[in-house]
Structure formats: structure tokens, C-alpha cells
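Chemist: Numbering (our numbering), first residue to last: 46 to 242.
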């Protein structure tokens with residue numbers, strides 16, 4: 046999954062540096078592309094791992110106003126086209142933004158006993174994806190202030206008072222979370238490889 050993810054980012058000319066943040070006890074020996082630096086200082090939460098990567102970038106020469114893209118390797122079907130779309134739509138934005146897709150399904154709120162409590166309006170509801178793109182120092186400040194409970198970078202930016210831009214993503218940019226997601230991901234990857242032959 047990591048290598049499929051990195052392949053997409055490596056093929057985007059706009060990206061100057063890449064840092065892969067992994068757990069300190071990560072033992073996978075991946076043959077990473079030359080442009081990718083492996084940083085074994087991931088934390089217990091997503092926010093802690095992202096901060097570790099951001100601190101590393103800042104300490105190794107990145108400017109506080111540089112754009113950074115944060116991506117979850119569980120979204121291994123990200124395409125170069127989606128990455129470029131996000132960059133193009135956000136590079137002149139005051140805040141930055143994220144890939145997302147409008148909610149298409151009926152949204153239910155449930156009780157603890159797995160019974161429906163209510164049906165929620167899906168109007169103006171979006172499903173957040175990654176990558177998410179923000180300025181380095183502003184994102185560090187947002188994550189430090191929000192704490193490790195936030196589940197994405199946009200949430201931290203929102204807590205700081207910003208309104209990130211929603212950039213249309215794709216249903217194919219799915220997050221491999223449940224066992225059934227593997228089947229879908231494998232089918233999509235196979236179709237893509239067939240298209241490239």
C-alpha cells in the first residue's frame with residue numbers, strides 16, 4: 046500500500062521532498078524511491094505522526110510558508126491527477142484545502158444499541174479525504190493547539206478559525222479500512238495496471 050501511494054506522489058513534478066513517517070518499531074524493509082526519506086518517529090496518533098514529519102521538514106530547511114501535503118498511506122489508490130488537482134486549486138488560496146467528495150448516501154445517527162435515532166440531512170456534507178494541503182507553520186500551530194485527538198489536518202485548521210477549501214476528490218480514493226476494502230482496492234489497482242499495459 047505504501048509503495049502504491051508513493052508511486053503516485055513521486056510522479057508529481059510539483060513535489061520537492063517526501064517524508065514517510067513510520068513507527069519507531071517499524072521493521073518493514075521497503076525499497077523506497079530515492080526522493081522519499083523514511084522517518085521512524087511516528088507517534089501513537091495520526092496528529093503526533095504528522096507533527097513529527099512537519100517538525101522534521103522545518104528542522105531540515107523547509108520554510109514556514111512552504112505548502113505541505115499530508116496523506117494517509119491507507120489511501121493507496123490516490124492518483125497523480127488528484128494530487129495535481131489539489132495543488133492547482135489550493136496554491137493561491139489563503140488557507141489551503143483538502144480532497145473531499147459530497148455525501149451521496151442517506152446519513153443515519155444511531156443509538157448505542159444499533160437502532161436508528163434519526164436521519165440527518167446530507168445537504169452540504171462532504172467526506173474528507175487526503176491529501177490535505179496547508180502551510181507548514183500554520184499547520185504545526187493548528188495541530189499543536191488542537192491536540193492529538195483530531196482525526197485530520199483540516200479539523201485542526203478549523204479549530205484555529207480557518208475554513209479550508211473543499212476540492213473534489215474521487216470515490217476511487219478510498220481508505221482501506223475494512224476487509225472488504227481490500228477486494229475493491231485490488232480490483233481498482235488491477236484495472237489501472239491493465240490500462241497502463
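Each residue gets a CB set at the ideal place from its N, CA and C atoms; glycine is no exception.
Counting only the same chain and skipping the five closest in sequence on each side, list residues whose C-beta sits under 6 Å from that of residue 68.
Modeler: Around residue 68: 87.
Chemist: Once you ignore the five residues that flank residue 210 on each side, which residues in its own chain have a CB closer than 8 Å to its CB?
Modeler: Contacts found: 134, 135, 138, 140, 141, 142 and 143.
Chemist: What is the DSSP secondary structure of residue 48, reduced to helix, strand or coil?
Modeler: Residue 48 falls in the helix class under three-state DSSP.
Chemist: In whole angstroms, what is the alpha-carbon distance linking residue 152 and residue 105?
Modeler: For residue 152 and residue 105, the distance between alpha carbons rounds to 44 Å.
Chemist: Between residue 167 and residue 205, what straight-line distance do the alpha-carbon atoms span, to the nearest angstrom?
Modeler: C-alpha separation (whole angstroms): 25 Å.
Chemist: Tell me the rounded alpha-carbon separation between residue 77 and residue 51.
Modeler: Each residue's Cα considered, the two are about 8 Å apart.
Chemist: Taking just the CA atoms, how far does residue 220 sit from residue 226?
Modeler: The straight-line gap from Cα to Cα measures roughly 8 Å.
Chemist: Please name the residue in 115, 54 and 163 whose C-alpha comes closest to that of residue 99.
Modeler: Cα-wise, what sits closest to residue 99 is 115.
Chemist: Which parts of the segment 195–229 are runs of the beta strand (DSSP E), unbroken and 3 residues or longer, counting only runs that do not cross its ends?
Modeler: Counting only runs of 3 or more, we get 210–213.
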